[in-house]
Amino acid sequence: MDSKFLKPYDPASTEGRIYEAWEKSGYFNPDNLPADLLAQTEGKTFTIVMPPPNANGNLHAGHALFVTLQDIITRFKRMRGYRALWIPGADHAGFETQVVYEKQLEKEGRSRFGMDPKALYEEILAFTLANKANMVGQIRALGASCDWSREKFTLDPDLVKKTQETFVKMFGDGLVYRGARTVNWCPKHQTSLSDVETESVEESTPFYTFKYGPFEIGTVRPETKFGDKYVVMHPDDKRYSKWKHGDTLEVEWINGPITATVIKDNAADMEFGTGVMTITPWHSQIDFEIAKRHSLPMEQIIDWRGKLLPIAQEFAGVSIKDARAKIVEKLAAKGLLVKTDETYKNVVKKCYKCSAMIEPQVKDQWFVKMAPLASMAVTAVNKGDVRFIPEYEEKIFRHWMEDTHDWNISRQIVWGIPIPAWHKDGEWKASVERPGEGWTQDGDTFDTWFSSGQWPLLVTGYPNGKDAGYYPTDLMETGRDILFFWVARMIIFGLYLADSVPFPTVYLHGLVNDANGKKMSKSKGNVINPLTLTDMYGTDALRMALVVGNTPGTDLALREDKVKGYKHFANKLWNIARFVLENVGDADVNGTLTEADAKLEKELADVVASATANIEGYRVYLAAESIYHYVWDRFAAEILEESKPILGTHDAPSSFPADVVASRKSLLMRNLTTCLKLLHPFMPFVTEEIWASLSSSKNPLIIEKWPT
RNA sequence: GCGCGGUUAGCUCAGUUGGUAGAGCAUCUCAUUGACGUUGAGAGGGUCACAGGUUCGAAUCCUGUAUCGCGCACCA
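Residue numbers for the first sequence follow our numbering, beginning at 504 and rising by one.
Structure, rendered in structure tokens:
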């Protein structure tokens, strides 16, 4: 027996060495897998594309979960004889990284505004690359058996070019258009955002009713009302039937008398308030639509920084935060305030990163026409081309897809892929290269999800790259929270560009929360760094703790004592191996079994069968638990105990017949071997380390055949 | 407002097609120089949120209620 078994299992002195050996072996790359292993499936591929982590910080517990789940599946499939490919990568994460970096600039007393864009870009690039290197080291530490030789980054020049080509193609197909429309403007970060990058929050906001000529109008935003020259009511509203569409009237308003025009439009809700409203098309989506229907002029009231423009006269330059009270005060003084309802609740949009109030603004932007694309995606789901785990996520997906708005893909930040659009004399062209003399490129960059949405296609080099055969992939495993941001976009781009969904199965895991089930956040101070846990208890222990009992779609409470428990398990396995090697090191693994022992072997075969079926069905949590219980409660607690008298000790030699002893020795060695294989995907380090000490082991465990 | 989940032992959660409730941790008792104290044996602890229904049989399927959570949302 190897003397290392005399001490408890020590992850710290094992894991780095084992990982290095795996990497050196080249087996993370399916091209290097031995023929007899692949013969099991005749060389079928199994591909997972790793959700590229944002290269702007450390790995968190959520990363540890996805690395674990995907590594389990990849190792399992590899042992089953698939050309198992798990492609790693990193995302430049446009807006999010820019936000992180701007925070850092703020701390240093600097600001991106006023910086040379190129210099800023270079700084963020350096920051991102440093983080990326750090992150890659952390993914390795978690045991990820992904193929680093195929690692990709969203800003690799070839990927940038492909991303831009997609835009050009969509432009040609009429699926992207440039238009002045209402966008979500973040006044802090000075960029527009897509709908999914905003959060709707319900707030208590006073609801004011003002006199507006003969009418009473309701609003929660008096500070936008300077330019309101149109008063809107429903055409069927009998209360206002004496007013005709287009009637004009003089009304006394904030800064004196103005001429108002009556507009009849179905958008006015007769049940709400007085049924009459004035509109501010530049700063409200619904007002914008009404104005467009009637070809009404639109005027900007609030500037890009959130301050009132000169149209506000005496209030010009006042931030909208301060303006409301002042304007209400003035209107009240003029006797135009009818009442204030303090109990009113309305929904406001906030920037999902900085919680600044989103200001709707009308801006020339690039939009993706979603209706035809979304309908392709829904059709694919209806046909069963994409299956969701858990199943109910399909309903959520469909609900969103069936009512999605056009997607604003322009961002006014430097950190991103430049939009390959050029203009000259008011004309626009889409082209990766400058189309000719005198053309100026659009200064905006893509929404980061525009590139990551193409990720499965980009990393496999579809359609002509050397790995194009790995597309479509086999499984998308990612967080439930980015179903719309990412999964939906990948499905759309896959259908649009390759005429096929990028993966038949979407496995969505929940959040990893703290021990009390509360969401981890820096401000609450309850963030658990996965690497701290692996240092304390070993990577295998953390992996088990993340996986056992963690059903798809459900949030997980990560408890330190659970991780500790699986450290105990790793050591239990270690000692099982010690016992077996000490007593049975000389066993003939191919020996004949007694009837009783054959039964025990069959019992493990049943465990293997159910675990196999569970992993195949992505019920990883059940497989992990059943193997755990077999190893500890059955194999160690009962079979090993029962074997002691059969094998005999120095003090009490065995009184059993030689064939019974030989049979038992074979059985213990065989079952240990099988248990190590079964556990390998879950606990790759300790199993590989034990495996190296078995006399029967010729290959590393990572490329052993999965037991049957 | 629309949509989706959860509600099971003190805590965190399983329970894959309906067949008399499970795990880990915690608690209590006992054992032990044994492969492993990072151990072993055992115990206590749940009318499976509530009310109806379907069924020979429901934690599981259906309907409704309560409650917690999440997602989406252009009623000023």
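Where a beta carbon is used, it is the ideal one built from N, C-alpha and C, also for glycine.
Which of helix, strand or coil DSSP assigns to residue i
{"i": "ASP844", "result": "strand"}
{"i": "PRO709", "result": "coil"}
{"i": "ASP977", "result": "coil"}
{"i": "MET780", "result": "strand"}
{"i": "ASP750", "result": "coil"}
{"i": "GLU702", "result": "strand"}
{"i": "TYR999", "result": "helix"}
{"i": "ARG613", "result": "coil"}
{"i": "ASP906", "result": "coil"}
{"i": "PRO959", "result": "helix"}
{"i": "GLU930", "result": "strand"}
{"i": "ALA1060", "result": "strand"}
{"i": "ALA636", "result": "helix"}
{"i": "GLY1041", "result": "coil"}
{"i": "THR657", "result": "coil"}
{"i": "ARG937", "result": "coil"}
Exposure of residue i, with buried meaning 16 or more beta-carbon neighbours within 10 Å
{"i": "TYR974", "result": "buried"}
{"i": "TYR999", "result": "buried"}
{"i": "PRO800", "result": "exposed"}
{"i": "ARG533", "result": "Looking at the sequence itself, residue 533 is Pro, so the reference to Arg does not match. With 16 or more other Cβ atoms within 10 Å, it is buried."}
{"i": "PRO556", "result": "buried"}
{"i": "GLU1010", "result": "Per the sequence shown, the amino acid found at residue 1010 is Tyr instead of Glu. That one is buried."}
{"i": "CYS857", "result": "exposed"}
{"i": "ASN885", "result": "exposed"}
{"i": "TYR895", "result": "exposed"}
{"i": "PRO863", "result": "buried"}
{"i": "HIS786", "result": "buried"}
{"i": "LEU509", "result": "exposed"}
{"i": "VAL686", "result": "buried"}
{"i": "LYS580", "result": "buried"}
From the options, residue whose alpha carbon lies closest to that of residue i
{"i": "THR976", "options": "PHE949, PHE1082, THR577, ASP1038", "result": "THR577"}
{"i": "ASP888", "options": "THR907, ARG1062, THR1008", "result": "THR1008"}
{"i": "THR701", "options": "VAL841, VAL850, SER1198", "result": "VAL850"}
{"i": "ARG653", "options": "LEU588, ASN1117, ARG1122", "result": "LEU588"}
{"i": "ILE1079", "options": "SER1157, VAL735, THR1190, ASN1016", "result": "THR1190"}
{"i": "GLY972", "options": "ALA1001, PHE949, ASP947, ALA991", "result": "ALA1001"}
{"i": "GLU838", "options": "GLY730, THR712, HIS737, GLY1020", "result": "Just to set this straight, residue 838 is Gly in the shown sequence, not Glu. The option with the nearest alpha carbon to GLY838 is THR712."}
{"i": "CYS649", "options": "TRP746, ALA859, LEU572, PHE616", "result": "LEU572"}
{"i": "PHE775", "options": "MET1039, TYR847, GLU706", "result": "TYR847"}
{"i": "ILE912", "options": "PHE598, VAL831, GLU706, SER1113", "result": "PHE598"}
Distance CB(residue i)-CB(residue j) smaller than 8 Å
{"i": "TRP525", "j": "ILE1205", "result": "yes"}
{"i": "LYS635", "j": "ALA558", "result": "yes"}
{"i": "ILE627", "j": "GLN601", "result": "yes"}
{"i": "GLU726", "j": "ILE789", "result": "no"}
{"i": "VAL449", "j": "ALA763", "result": "Because the chain here runs from 504 to 1211, residue 449 falls outside it and cannot be looked at."}
{"i": "GLY592", "j": "MET618", "result": "no"}
{"i": "GLY1056", "j": "ARG1122", "result": "no"}
{"i": "LYS1180", "j": "MET582", "result": "yes"}
{"i": "THR669", "j": "ARG914", "result": "no"}
{"i": "SER697", "j": "ASP945", "result": "no"}
{"i": "SER916", "j": "THR948", "result": "Going by the sequence as given, residue 916 is Ile instead of Ser. Yes, the pair counts as a contact, with Cβ atoms nearer than the cut-off."}
{"i": "LEU812", "j": "GLN803", "result": "yes"}
{"i": "GLU1128", "j": "VAL1051", "result": "yes"}
Euclidean distance between Cα positions of residue i and residue j
{"i": "ARG808", "j": "ALA647", "result": "45 Å"}
{"i": "PHE870", "j": "GLY956", "result": "15 Å"}
{"i": "ALA1073", "j": "ILE590", "result": "28 Å"}
{"i": "ARG684", "j": "HIS926", "result": "19 Å"}
{"i": "ILE551", "j": "ALA1161", "result": "50 Å"}
{"i": "ALA567", "j": "ASP661", "result": "29 Å"}
{"i": "ASN1174", "j": "LEU1107", "result": "7 Å"}
{"i": "GLY749", "j": "GLN816", "result": "27 Å"}
{"i": "PRO959", "j": "GLY1020", "result": "33 Å"}
{"i": "VAL699", "j": "GLU905", "result": "15 Å"}
{"i": "THR1115", "j": "GLN543", "result": "15 Å"}
{"i": "LYS795", "j": "ALA770", "result": "12 Å"}
{"i": "GLY675", "j": "MET993", "result": "20 Å"}
{"i": "PHE1138", "j": "ALA1090", "result": "17 Å"}
{"i": "VAL821", "j": "VAL754", "result": "25 Å"}
{"i": "PHE718", "j": "PHE569", "result": "58 Å"}
Near the ligand FMN: residue i beta-carbon under 7 Å from a heavy atom
{"i": "ALA1048", "result": "Only the bare structure without any ligand can be found here, which leaves the ligand FMN out of the picture."}
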